[in-house]
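> Sharing a structure here in structure tokens format.
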Amino acid sequence: MDIRKLLGLPDLLDVRSVVCVQPHPDDNEVGAAGTLLALAERGCKIVFVTVTDGGAGVPNLTMSREEIVEIRREERLNAGKLLGVSEQLELGFPDAGQYTEQEVVQRLIPILREHRPELVMTVDPWMPYEAHPDHIKTGHAVVHAMLFSGNNATQRGAGEPYTVPQIAFYASSHPNTYIDVTSYWERKLSAILAHKSQFENAEWPLLSNFFAYQAQQLYQAGHMEARADEVRYAEAFKLLSVRQLHFFPTALYS
Ligand SMILES: [Zn+2]
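Numbering (the working numbering), first residue to last: 472 to 725.
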């Protein structure tokens with residue numbers, strides 16, 4: 472029984488508005504740039520929310536934290552332009568620093584109520600072995616905000632209550648949705664490379680090969696049609712309705 476179908480929720484590529492919440496300035500590109508390009512092409516409105524300032528992504532030790540933050544902001548805006556993002560919001564929490572999930576939730580609820588997206592996208596905080604506190608806090612804050620943004624008693628005065636109907640986690644170890652991004656692959660790599668401070672370095676050939684290998688594996692995992700001589704790429708998501716985010720033991724297997 473597919474609860475998303477029972478609820479009449481649209482497929483991932485059919486949503487008309489999405490808010491993508493990323494811990495750091497480059498996560499949305501690495502996790503979902505191909506799918507976001509496909510969505511933008513279909514006229515979907517895409518809003519990016521970046522939780523931290525990226526100040527811990529150190530390109531070289533002579534730079535101040537403020538300089539790094541400024542460079543990463545610039546790179547993030549450039550990457551967003553390549554993807555057709557219509558609005559970028561930044562929460563400015565310190566990258567790898569001291570802040571709480573609750574503080575992020577308080578900032579996210581008014582954003583969800585204002586933008587009223589059909590879908591929220593973010594990192595999967597339940598990925599086994601995920602050790603980065605910003606990723607864990609961001610993913611948890613997003614699902615927490617989703618559960619309570621429609622609640623009248625939560626953050627009264629911070630916008631009209633609204634419940635986002637579904638969520639897509641990228642970087643998930645339990646994906647249930649595969650998107651063919653073959654025709655967007657080069658543009659995805661360009662969007663990732665817009666984050667020059669993070670990716671324009673000696674490791675890029677190795678890393679880009681790894682991204683390609685991983686995406687080919689996901690294409691196979693998605694059981695999509697392909698000729699033997701074709702190289703095809705996919706991105707994978709765990710797509711859940713908001714109802715599956717609470718007291719729903721089978722969500723893992725959906
Ligand atoms: Zn990150």
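Ideal placement from N, C-alpha and C gives every residue a C-beta, glycine not left out.
If I'm right that His603 touches Glu500 with Cβ under 8 Å, what's the distance once you round it to whole angstroms?
Wrong, their Cβ atoms sit about 16 Å apart, outside the cutoff.
> Taking contact to mean 3 or more Cβ pairs, one atom from each stretch, closer than 8 Å, check whether the region 651-670 and the region 626-641 are in contact.
Not touching, per the Cβ criterion.
> Say the cut is 7 Å; is the CB of Pro494 nearer than that to a heavy atom of ligand 1?
Yes, Cβ of Pro494 sits closer than 7 Å to a heavy atom of ligand 1.
> Taking 7 Å as the cut-off, is the CB of His666 close to at least one heavy atom of ligand 2?
Ligand 2 is not part of the structure shown, which contains ligand 1 as its ligands.
> Do the region 571-580 and the region 607-614 touch if we need at least three Cβ pairs shorter than 8 Å?
Yes, they touch.
> Does the Cβ-Cβ distance between Gln669 and Gly551 come in under 8 Å?
Not closer than 8 Å, so no.
> Assuming Gly563 is part of the beta strand (DSSP E), what are its boundary residues?
It spans Glu558 to Phe564 - the beta strand (DSSP E) in which Gly563 sits, taken as one unbroken run.
> What is the C-beta distance between Thr726 and Val522, in whole angstroms, given that I count them as a contact (C-beta under 8 Å)?
The structure shown has nothing for residue 726, since the chain only spans 472 to 725.
> For Leu562, which of Arg703, Gln685, His495 and Arg658 has the nearest alpha-carbon?
Of Arg703, Gln685, His495 and Arg658, the residue nearest in Cα terms is His495.
> By the three-class DSSP mapping on this structure, what secondary structure does Phe726 have?
A question about residue 726 goes unanswered here, because the residues of the chain that appear run from 472 up to 725.
> Tell me, please, whether the CB atom of Ala509 is closer than 8 Å to any CB atom in chain C?
This model lacks chain C altogether, as it is built from one protein chain only.
> Going by the CB atoms, is the gap between Ile474 and Gln715 shorter than 8 Å?
Going by C-beta atoms, Gln715 is nearer than 8 Å to Ile474.
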